[in-house]
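Everything on this sheet refers to the single structure shown next.
Number of protein chains: 2
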Amino acid sequence: MNDKRIGKRTIKFPTLPEIIGAASVVGVKEGEGPQAQWFDKILQDDYYGEKTWEKAESKMLKNSISMAVENAGMQVQNIDVLLSGDLLNQLMSSSYMARDVGIPYLGLYGACSTMTESMLVGSIMVDGGYCVSAAAAASSHFATAERQFRMPLEHGNQRPPQAQWTATAAGSVVIKKNYGDTGAHDRHICITHGTIGRVIDPGITDTNFMGGAMAPAAYDTIRVHLADLDRKARDYDLILTGDLGIAGRHIMQDLTKNKPEFEGFKDIYEDCGAIMYDSNQDTHSGGSGCGCSASIICGRIIKELRQKKYKRVMLVSTGALVSTISKQQGETVPGIAHAVTLEVF
Amino acid sequence: MNDKRIGKRTIKFPTLPEIIGAASVVGVKEGEGPQAQWFDKILQDDYYGEKTWEKAESKMLKNSISMAVENAGMQVQNIDVLLSGDLLNQLMSSSYMARDVGIPYLGLYGACSTMTESMLVGSIMVDGGYCVSAAAAASSHFATAERQFRMPLEHGNQRPPQAQWTATAAGSVVIKKNYGDTGAHDRHICITHGTIGRVIDPGITDTNFMGGAMAPAAYDTIRVHLADLDRKARDYDLILTGDLGIAGRHIMQDLTKNKPEFEGFKDIYEDCGAIMYDSNQDTHSGGSGCGCSASIICGRIIKELRQKKYKRVMLVSTGALVSTISKQQGETVPGIAHAVTLEVF
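Quick mapping for you: the protein sequence lines, in order, are chains A and B.
Here this note's numbering = 1-based position in the first sequence + 204.
Here this note's numbering = 1-based position in the second sequence + 204.
Shown next, in the form of structure tokens:
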């Protein structure tokens, strides 16, 4: 044990790596929802001037990085490493984005947990002194995900009430070594801790019920994060899960009920999937996809931290580790969730 | 700049994280090839007692980790983090393996460059003090890759001469903080440096010609690694690329010709794909897949380092960042390559 390892699974970042830039790019539907005011760019067409949705997703991801880097007052060629992932087979969006951006790149995959996975790895690299600056990013696109995981959009298939809507969205942050000066912004948003998730499989086989598949992993990660730091839920102004959706948010509230460390949890808990769309947007249980938590974290939460709405938040993107092949082979849908805690100084 | 950043893109690991365990598991064909003596387990049937090839691949990966952990004289529950990836959509092999292993997990994707990517991230986490021990792994399976990327095996399609054969193979290492004692082995195999790759796209559209797509990325990473450390190729006993195959190995030799820092390169250069199979095994340009370099690194190279055959080796797994969708959309095949340097003390 040392000053960077706390308890069983939690990592401390003693140098307080700082988020010095952030940006989000979202699609048409997301821009019509209740979070619209927070997004940095809203597309007028989900093709984004490209011939395919996959190329549009890659472009959204790339633009979210360019905008985050600009927001940080930096040039992209001065970013030391790019950490990114998405839902597409072989990380298609991230790979082509990384080719166009041209800086050193590590591809990450944690399904919809990818945003906090990339923030975690970026914080480790910056805090450890292996780089000065890192860009961490993730994306998803409704049309690319639907045709890859489910049905072609033209099929117009019905969706059960527990189904979630893959957000057309991308988010990026720039994490930089904390030199103590305030730089472009007058407040320091620092990543203080992280907890790497374990894969937890509640045995769900319905791939439409991802909230149920991921909630136990989110609960496990939050519980361990709190226990390792000897904190309670009340020590946070906000605990935000990735995309459990409305159904998964209910399960989280059930799982935390009557647990002393989770006293008052419901007052400080929210889920990105549950708040991405309005109930009249026909998205059933809410949003999902890597871009769902990525765009809300990079679009809304970073701004709210800058505005001093929160002092300390825990972000817990959640992923359902499933593929079309695993589903065909009768496998269950395991979940994973990675946590990072941000504080304003 | 500090003691962990050297030149433009190279990372130094001042605490010399140590590889204390390694293991490889390969399929029938690989076990009939020229590397057979080095592998720790050779399957008698590529289904490995499972109902599907995907489940067999996941089991190979899991067993390579169990064997590496045993080789390290540790228990799997004492490994702090698991870093793994594979070629399957949504990292199916790694996800289900990570569920079964049950320890904290970060999914990585670098196509066939994943083994050195996972070793790089593992070294950063151990050297930085974020964990004491990490397991780094990667796998591939001929039958899972063929039906995902190309054609069902039953189709029996012809393969062009530049095509490579996805290795049915998995490899894992255990990286641990270097406490200075010799532990289970009498020699320290340490990871001294790493270089994160950039995505480089030579514009190749033939997805059978992966050696050509990846060689420029391998060349770029090796060149930068040498320049950053002010070394020449001759300072290494072995520079081993991932899976450029026979065609890609030729290209590497062409790219390095008449470059002063690469003087004598051909005497110390080899490629895992080019040596995986015999010419009579009908694999055309040689082996590929994450498991190709993973099994040769974890099977052969670590043993040869223990036997003092080499003092210093550079390992450069190489990945072709392509998907079936990107190919259908007329995209080219970009390459990436990550390097780690190992030394024996």
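All C-beta atoms in this analysis are idealised placements derived from N, C-alpha and C, irrespective of residue type, glycine included.
Query: So what's A:Ala524 in DSSP terms, helix, strand or just coil?; Result: strand
Query: Can you tell me whether A:Met355 is buried or exposed, with buried defined as 16 or more other CB within 10 angstroms of its CB?; Result: exposed
Query: Taking only the alpha-carbon atoms, compute the straight-line gap between B:Met480 and B:Pro238 and give it to the nearest angstrom.; Result: 7 Å
Query: So which residues of chain B does A:Arg172 contact, with C-beta pairs closer than 8 Å?; Result: Residue 172 of chain A lies beyond the residue range present for chain A, which begins at 205 and ends at 549; the question has no answer from this structure.
Query: Mind checking which residues open and close the beta strand (DSSP E) that includes A:Ser550?; Result: Nothing can be reported for residue 550 of chain A, as the shown portion of chain A is limited to 205 through 549.
Query: Applying the criterion that 16 or more other CB atoms from any shown protein chain within 10 Å of the CB defines a buried residue, is A:His359 buried or exposed?; Result: exposed
Query: Which residue comes first and which comes last in the beta strand (DSSP E) that contains B:Val378?; Result: Ala373 to Lys380
Query: What is the C-beta distance between B:Ala422 and B:Ala349, in whole angstroms, given that I count them as a contact (C-beta under 8 Å)?; Result: At roughly 20 Å, the Cβ-Cβ gap does not stay under 8 Å, so B:Ala422 and B:Ala349 are not in contact.
Query: On the three-pair Cβ rule with 8 Å, is the stretch 208-215 of chain B touching the stretch 430-447 of chain B?; Result: yes
Query: By the criterion of Cβ-Cβ separation under 8 Å, what are the contact partners of A:Gly306 in chain B?; Result: Arg402 and Val403
Query: Count the other CB atoms within 10 Å of the CB of B:Arg391; is the residue buried (16 or more) or exposed (fewer)?; Result: exposed
Query: Judging by CA-CA distance, which residue of B:Ser322, B:Ala543, B:Val229 and B:Gln511 is the nearest neighbour of B:Thr372?; Result: B:Val229
Query: If you check the beta carbons only, do B:Ile426 and B:Ile443 fall under 8 Å apart?; Result: yes
Query: Let me check one thing: in DSSP terms, what residues is A:Asp475 bridge-paired to?; Result: A:Thr445
Query: Flag this pair as yes or no: are the beta carbons of B:Leu546 and A:Ser527 separated by less than 8 Å?; Result: no
Query: Run down chain A in chain order and give the residues with a C-beta less than 8 Å from the C-beta of B:Gln533.; Result: Lys255, Thr256, Glu258 and Lys259
Query: A:Leu357: buried (16+ other C-beta within 10 angstroms of its C-beta) or exposed?; Result: exposed
Query: Starting from A:Glu547, trace the beta strand (DSSP E) in both directions and tell me its first and last residue.; Result: Gly539 to Val548
Query: Among residues of its own chain, excluding the 5 on either side of B:Ala260, which ones have a beta-carbon nearer than 7 Å to its beta-carbon?; Result: Asp250, Tyr251, Tyr252, Glu254 and His345
Query: Using the Cβ count rule (16 or more neighbours within 10 Å means buried), how would you classify B:Lys515?; Result: exposed
Query: Leaving out the 5 sequence neighbours to the left and right, which residues in its chain are closer than 7 Å to B:Gly468 when beta-carbon positions are compared?; Result: Ala437 and Arg438
Query: Helix, strand or coil for B:Ile215 per DSSP?; Result: strand
Query: Whole-angstrom Cβ separation of B:Val537 and B:Met456, contact assumed at under 8 Å?; Result: Not quite, the Cβ-Cβ distance comes to about 17 Å (not below 8 Å), so this is no contact.
Query: Have a look at A:Ser317 and A:Ser337 and give me their C-alpha separation to the nearest angstrom.; Result: 22 Å
Query: Since B:Thr409 sits in a beta bridge, which residues does DSSP pair it with?; Result: Paired residues: none, contrary to the question.
Query: Looking only at its own chain, which residues have a Cβ that is under 7 Å from the Cβ of B:Tyr440, when we skip the five neighbours before and after it?; Result: Ile472, Arg516, Val517 and Met518
Query: Given a threshold of 16 other Cβ atoms within 10 Å of its Cβ, counted over all protein chains shown, does A:Gly384 qualify as buried or as exposed?; Result: exposed
Query: Under DSSP, the alpha helix (DSSP H) around A:His345 begins and ends at which residues?; Result: That residue, A:His345, is in no alpha helix (DSSP H); it is neither H nor E in DSSP.
Query: DSSP on A:Thr536, reduced to helix/strand/coil?; Result: coil
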